[in-house]
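According to the numbering used here, the residues represented by the sequence shown are 291 to 473, in order.
Beta carbons: idealized from backbone N, C-alpha and C, even for Gly.
If you're wondering where the values come from, they're calculated on a predicted model, not measured in any experiment.
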Amino acid sequence: PATENLPGGSALKPGDILKSYSGKTIEVLNTDAEGRLILSDALAYASEYKPQAVVDVATLTGACVIALGDDVIGMLGTDDKLKKEIDSAAKNTGELVWELPLWEKYHEQIKSDIADYKNTGGRPAGTITAAAFLSKFVGDVPWVHLDIAGPAWTAKDKAYIPKGASGITVRLLVEFLRNRVEK
Numbered sequence: 291p292a293t294e295n296l297p298g299g300s301a302l303k304p305g306d307i308l309k310s311y312s313g314k315t316i317e318v319l320n321t322d323a324e325g326r327l328i329l330s331d332a333l334a335y336a337s338e339y340k341p342q343a344v345v346d347v348a349t350l351t352g353a354c355v356i357a358l359g360d361d362v363i364g365m366l367g368t369d370d371k372l373k374k375e376i377d378s379a380a381k382n383t384g385e386l387v388w389e390l391p392l393w394e395k396y397h398e399q400i401k402s403d404i405a406d407y408k409n410t411g412g413r414p415a416g417t418i419t420a421a422a423f424l425s426k427f428v429g430d431v432p433w434v435h436l437d438i439a440g441p442a443w444t445a446k447d448k449a450y451i452p453k454g455a456s457g458i459t460v461r462l463l464v465e466f467l468r469n470r471v472e473k
């Protein structure tokens, strides 16, 4: 027998074209890259309020774990000052953050022939192309993306983090906000 592997008639399929909250269209190439679809709508919505900055945190890509391992947060963004603030907060809290480049060449990988963007740029530079995709939905708002796919879950107890969900970035974000309030 042959059948489509869909949980329902309106399930997401490769080749689908979606209209995002922002009105931009997205060609779905990989249904496992669905988290960025939801996050892109949240970023577009938040940006409508013209915040001073947007920082998103997500277990977005397995590619980040491959690149940086289980202990390091991948950071990408559009604003150097905001990235420095996040990096400073990370250093003050002992959380490990490493900036990855968001160069224009990576944006080429998410261009689509039939929509505004593709939901994945393929395997090469997967963390970077995922962030390039997200960057298309924040407009001119200063933005940083923190990919916590590696450190979000620990397989064994660590000095101050028990086995399981780590709560990574909570201390970092509290420190970041505290520093902003004190300025």
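### Task
Measure the C-alpha to C-alpha separation of ALA420 and GLY411 and round it to an integer number of angstroms.
So the alpha carbons of these two residues sit roughly 7 Å apart.
### Query
Rounded to a whole number of angstroms, what is the C-alpha to C-alpha distance between ASP346 and GLY298?
Computed Cα separation, rounded: 30 Å.
### Message
Classify ASP403: buried if its beta carbon has 16 or more other beta carbons within 10 angstroms, exposed otherwise.
### Response
Using a 10 angstroms sphere on the CB of ASP403, the tally of other CB atoms stays under 16, which defines it as exposed.
### Own chain partners of PHE427 with C-beta closer than 6 Å, once the 5 adjacent residues on each side are dropped
Excluding residues within five positions, the ones whose Cβ falls inside 6 Å are SER312, SER330, LEU333, ALA334.
#### Entry: As assigned by DSSP and simplified to three states, the class of VAL464
Three-state DSSP puts VAL464 in a helix.
### Message
Looking only at its chain, what residues have a beta carbon closer than 7 Å to the beta carbon of LYS309, apart from the 5 residues adjacent to it on each side?
### Response
Counting only Cβ-Cβ distances below 7 Å, and skipping sequence neighbours, we find THR315.
### Task
Would you kindly report the start and end of the unbroken beta strand (DSSP E) that includes LYS401?
That residue, LYS401, is in no beta strand (DSSP E); it is neither H nor E in DSSP.
### Query
Nearest-angstrom Cα distance between ILE418 and VAL355?
The straight-line gap from Cα to Cα measures roughly 13 Å.
### Message
Looking at the secondary structure, which residues open and close the alpha helix (DSSP H) in which THR315 lies?
### Response
For THR315, there is no enclosing alpha helix (DSSP H); the enclosing beta strand (DSSP E) has its first and last residue at 315-317.
### Message
When you compare the CB positions of THR459 and GLU389, do they come within less than 8 Å of one another, or not?
### Response
THR459 places its beta carbon 8 Å or farther from that of GLU389.
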